[in-house]
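To start, the structure under review is shown below, and the notes come after it.
Number of protein chains: 2
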Amino acid sequence: MRFVEVSTKPRRFVHFYPATVVVIGVYAPDGRANFMPAVWHGGLSFDPPLFGVGVSPKRFTHELLTKAAAFSVSMHPYQQARLIQKIGSVSGRQVDKVATFGLELIRGRALKVPILGGAYAAYELEKTDQITTGDHDLFVGRLRGLWEDEEVFAGDAVDPKLAPSLLYYGRYRYGRPQPEILDLEEE
Amino acid sequence: MRFVEVSTKPRRFVHFYPATVVVIGVYAPDGRANFMPAVWHGGLSFDPPLFGVGVSPKRFTHELLTKAAAFSVSMHPYQQARLIQKIGSVSGRQVDKVATFGLELIRGRALKVPILGGAYAAYELEKTDQITTGDHDLFVGRLRGLWEDEEVFAGDAVDPKLAPSLLYYGRYRYGRPQPEILDLEEE
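In order, the protein sequences belong to chains A and B.
Sequential numbering from 204 applies to the first sequence in the numbering used here.
Sequential numbering from 204 applies to the second sequence in the numbering used here.
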């Protein structure tokens, strides 16, 4: 392996990719729904159940998340790659994404959040914190409502045979998992 | 999709899996190296380059990270699934993992950190923050040294044909990405 000393910003910072793409859903104060794909995300706590998403202050979604009390995070199959790429390629400041792309929208049941259709799972999250790290903010949400496609969650996590997760490799490049699972429980 | 209202802890909180497994490396005050696989991790900032890992206070690694000034995070191929599962199945409190499993160890060059061998990329991170969220702490590190296998990073992110990332589905279950990339830049 090659070693590089890092003093400022590295040439690339994507060695931990691929990461699954989640879509953040949030209502603007005027009631319009906005969606943004994000790959900087993850679980932060089991009990209470907390999930975090990192969003740059440059993004319109950052402005909406700062104002909102709740947001959604949804998980999508590989088959939606083109749609999700489109959603990420324009700003809600310029475009009403729901109208422009004819997005299917599910209304949250536990919280006032929009959820992008076609997901195999979604979280309705009550915003509990906004933590500035460096050039992104980490928005922390507490799980209040959970949507899951029963069929693909017959086991524990999603079954990649039934719903291949959308993986992101940076720069408009996507992938998906192999359908096989290696189960090491018995070994 | 089925909807479930969540008041306390959900039955499962793994809908955002699969996630790549990273291995956290940290030295104990007595100079011994310890390693722990983690799936709650991600980028937090590009400039400055910050990376975060979520670790439960129950873990020995949490104790070490709390005391340490630096830690490593390394990315591993699917071929190391069995070794990484073993590393995650015992605690450094009971076992010297390096000696027990005969682990190959790379010494950090920018910082005093151990890096698990066999990785296709690794970060040497200076600890800059420890944020308690719920039942986990988020350890934030600033990138000071970067290791990358030049061959698999000829493009931007890792090439899944050359190094299939180790994906985790919870409960000892692992997967890997398909070798093909869908490039939507031209579309």
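From the three backbone atoms N, C-alpha and C, an ideal C-beta is built for every residue, glycine too.
Would you mind sorting residue 283 of chain B into buried or exposed? The rule is 16 or more other CB atoms within 10 Å of its CB. Residue mapping note: residue 283 of chain B aligns to position 80 of the second sequence, counting from 1. That one is buried.
Going by the CB atoms, is the gap between residue 341 of chain A and residue 326 of chain A shorter than 8 angstroms? Your numbering for residue 326 of chain A matches position 123 in the first sequence. Your numbering for residue 341 of chain A matches position 138 in the first sequence. Cβ atoms of residue 326 of chain A and residue 341 of chain A: not closer than 8 angstroms.
Would you verify that the beta carbon of residue 334 of chain B is, or is not, closer than 8 angstroms to some beta carbon of chain A? On the second sequence, position 131 is the one that residue 334 of chain B refers to. Look at residue 334 of chain B: its C-beta is under 8 angstroms from a C-beta on chain A.
My understanding is that residue 320 of chain A touches residue 275 of chain A, with C-beta atoms under 8 angstroms, so please give their C-beta distance in whole angstroms. Reading the first sequence from its first residue, position 117 is the one you call residue 320 of chain A. Reading the first sequence from its first residue, position 72 is the one you call residue 275 of chain A. Taking the Cβ atoms as the reference, residue 320 of chain A lies roughly 12 angstroms from residue 275 of chain A, outside the contact range of under 8 angstroms.
Taking C-alpha atoms, which residue in B:390, B:287, B:345, B:329 lies nearest to residue 376 of chain B? Within the second sequence, the letter at position 173 stands for residue 376 of chain B. Cα-wise, what sits closest to residue 376 of chain B is B:287.
Can you tell me the Cα-Cα spacing of residue 363 of chain A and residue 371 of chain B, whole angstroms? One-based indexing of the first sequence puts residue 363 of chain A at position 160. One-based indexing of the second sequence puts residue 371 of chain B at position 168. Their Cα atoms are separated by approximately 12 angstroms.
Have a look at B:256, B:217, B:239 and flag the residue whose alpha-carbon is nearest the alpha-carbon of residue 335 of chain B. In the second sequence, residue 335 of chain B corresponds to position 132, counting from 1. Closest by alpha carbon: B:256.
Chain B residues whose Cβ lies nearer than 8 angstroms to that of residue 330 of chain A: To locate residue 330 of chain A, count along the first sequence from 1; it is residue 127. Correct list: empty, because the minimum Cβ distance to chain B is about 13 angstroms.
Below 8 angstroms between beta carbons: does that hold for residue 249 of chain A and residue 238 of chain B? Here residue 249 of chain A refers to the residue found at position 46 of the first sequence. Here residue 238 of chain B refers to the residue found at position 35 of the second sequence. No. Outside cutoff.
Mind listing which residues of the segment 239–267 of chain A have their C-beta closer than 9 angstroms to chain B's C-betas, in chain order? 242, 243, 244, 245, 246, 247, 248, 249, 250, 251, 252, 253, 254, 255, 257, 259
Going by the DSSP bridge assignment, what does residue 297 of chain A pair with across the sheet? Residue mapping note: residue 297 of chain A aligns to position 94 of the first sequence, counting from 1. Paired residue(s): none; residue 297 of chain A is not in a bridge.
Presumed contact (8 angstroms Cβ cut-off) between residue 316 of chain B and residue 332 of chain B, rounded CB distance: Along the second sequence, read from residue 1 onward, the residue named residue 316 of chain B stands at position 113. Along the second sequence, read from residue 1 onward, the residue named residue 332 of chain B stands at position 129. Contact flag wrong, Cβ pair sits at about 17 angstroms.
Within 10 Å of its beta-carbon, does residue 260 of chain A have 16 or more other beta-carbons around it, so buried, or fewer, so exposed? Counted from its first residue, the first sequence places residue 260 of chain A at position 57. Its Cβ having fewer than 16 others within 10 Å, residue 260 of chain A is exposed.
For the segment 292–306 of chain A, list every residue whose C-beta sits within 7 angstroms of some C-beta in chain B, in sequence order. none
For residue 330 of chain B, report the span of its beta strand (DSSP E) as first-last. Translated into the one-based positions of the second sequence, residue 330 of chain B becomes position 127. Segment 324–335, the beta strand (DSSP E) holding residue 330 of chain B.
May I ask which residues mark the beginning and end of the alpha helix (DSSP H) holding residue 285 of chain A? Counted from its first residue, the first sequence places residue 285 of chain A at position 82. Counting along the chain, the alpha helix (DSSP H) containing residue 285 of chain A begins and ends at 284–292.
Grab me the residues of residue 346 of chain B's own chain with a C-beta within less than 7 angstroms of its C-beta, minus the 5 sequence neighbours each way, in chain order. Working through the second sequence from its first residue, we reach residue 346 of chain B at position 143. So the list reads 252, 254, 326, 328, once near-sequence residues are dropped.
Going straight from the alpha carbon of residue 212 of chain A to that of residue 337 of chain A, what length do you get? Stepping through the first sequence from its first residue, residue 212 of chain A is reached at position 9. Stepping through the first sequence from its first residue, residue 337 of chain A is reached at position 134. CA-to-CA, the gap between residue 212 of chain A and residue 337 of chain A works out to about 12 angstroms.
Residue 253 of chain A by DSSP, collapsed to three states: which one? Locating residue 253 of chain A in the first sequence gives position 50, counting from the first residue. Reduced to three states, the DSSP call for residue 253 of chain A is strand.
Alpha carbons only, please: which of A:379, A:384, A:387, A:374 is nearest the one belonging to residue 389 of chain B? Counted from its first residue, the second sequence places residue 389 of chain B at position 186. Measuring from the Cα of residue 389 of chain B, the nearest candidate turns out to be A:374.
Can you tell me whether residue 267 of chain B is helix, strand or coil according to DSSP? The residue given as residue 267 of chain B occupies position 64 in the second sequence. DSSP places residue 267 of chain B in helix when its eight states are reduced to three.
Can you confirm whether residue 361 of chain B, when its beta carbon is compared against all beta carbons of chain A, has any partner nearer than 8 angstroms? What you label residue 361 of chain B is simply residue 158 of the second sequence in a count that begins at 1. Closer than 8 angstroms to some Cβ of chain A, the Cβ of residue 361 of chain B qualifies, so yes.
What's the call for residue 262 of chain B, buried or exposed, on a 16-neighbour Cβ count within 10 Å? Locating residue 262 of chain B in the second sequence gives position 59, counting from the first residue. Classification for residue 262 of chain B: buried.
Looking only at its own chain, which residues have a Cβ that is under 7 angstroms from the Cβ of residue 314 of chain B, when we skip the five neighbours before and after it? Here residue 314 of chain B refers to the residue found at position 111 when the second sequence is read from its first residue. So the qualifying residues of the chain are 273, 327, 329, 347, 348.
Beta-carbon contacts of residue 208 of chain A that lie in its chain and below 7 angstroms, excluding the five residues immediately before and after: Residue numbering aside, residue 208 of chain A sits at position 5 when the first sequence is read from its first letter. Once the five neighbours on either side are set aside, residue 208 of chain A has no close Cβ partner at all.
Contact set between residue 370 of chain B and chain A, taken where Cβ atoms lie within less than 7 angstroms: Numbered from 1 along the second sequence, position 167 holds the residue referred to as residue 370 of chain B. Residues of chain A passing the Cβ test: 380.
Could you confirm whether any beta carbon from chain B is found closer than 8 angstroms to the beta carbon of residue 269 of chain A? Counting from 1 along the first sequence, the entry for residue 269 of chain A is found at position 66. Chain B contact via Cβ: absent.
Distance CB(residue 269 of chain B)-CB(residue 295 of chain B) smaller than 8 angstroms: The sequence position of residue 269 of chain B within the second sequence is 66, counting from 1. The sequence position of residue 295 of chain B within the second sequence is 92, counting from 1. It is not a contact, given that the beta carbons lie outside the stated cut-off.
Endpoints, the beta strand (DSSP E) within which residue 227 of chain A is located: If you number the first sequence from 1, residue 227 of chain A lands on position 24. That run of the beta strand (DSSP E) goes 225–230.
Top-ranked residue by Cα proximity to residue 266 of chain A, from A:367, A:353, A:339: Position 63 of the first sequence, counted from the first residue, corresponds to residue 266 of chain A. Checked all of A:367, A:353, A:339; the closest Cα to residue 266 of chain A is A:339.
Does the Cβ-Cβ distance between residue 355 of chain B and residue 369 of chain B come in under 8 angstroms? What you label residue 355 of chain B is simply residue 152 of the second sequence in a count that begins at 1. What you label residue 369 of chain B is simply residue 166 of the second sequence in a count that begins at 1. Going by C-beta atoms, residue 355 of chain B is not nearer than 8 angstroms to residue 369 of chain B.
Among the residues of its own chain, which have a CB less than 8 angstroms from the CB of residue 221 of chain B, if the five just before and after it don't count? The residue labelled residue 221 of chain B in the question sits at position 18 within the second sequence. Closer than 8 angstroms at the Cβ level, and outside the excluded window around residue 221 of chain B, lie 370, 371, 372, 378.
Taking all protein chains shown into account, decide if residue 382 of chain B is buried (16 or more other Cβ within 10 angstroms of its Cβ) or exposed. Counting from one through the second sequence, the residue named residue 382 of chain B turns up at place 179. That one is exposed.
Would you verify that the beta carbon of residue 218 of chain B is, or is not, closer than 8 angstroms to some beta carbon of chain A? Here residue 218 of chain B corresponds to residue number 15 of the second sequence, with the count starting at 1. Residue contact check for residue 218 of chain B against chain A: a CB pair falls below 8 angstroms.
Would you mind sorting residue 353 of chain A into buried or exposed? The rule is 16 or more other CB atoms within 10 Å of its CB. Here residue 353 of chain A is taken as the residue at index 150 of the first sequence, counted from 1. Per the 10 Å Cβ criterion, exposed.
Using the Cα positions of residue 322 of chain A and residue 384 of chain B, report the straight-line distance between them to the nearest angstrom. Residue numbering aside, residue 322 of chain A sits at position 119 when the first sequence is read from its first letter. Residue numbering aside, residue 384 of chain B sits at position 181 when the second sequence is read from its first letter. Approximately 21 angstroms between the Cα atoms of the pair.
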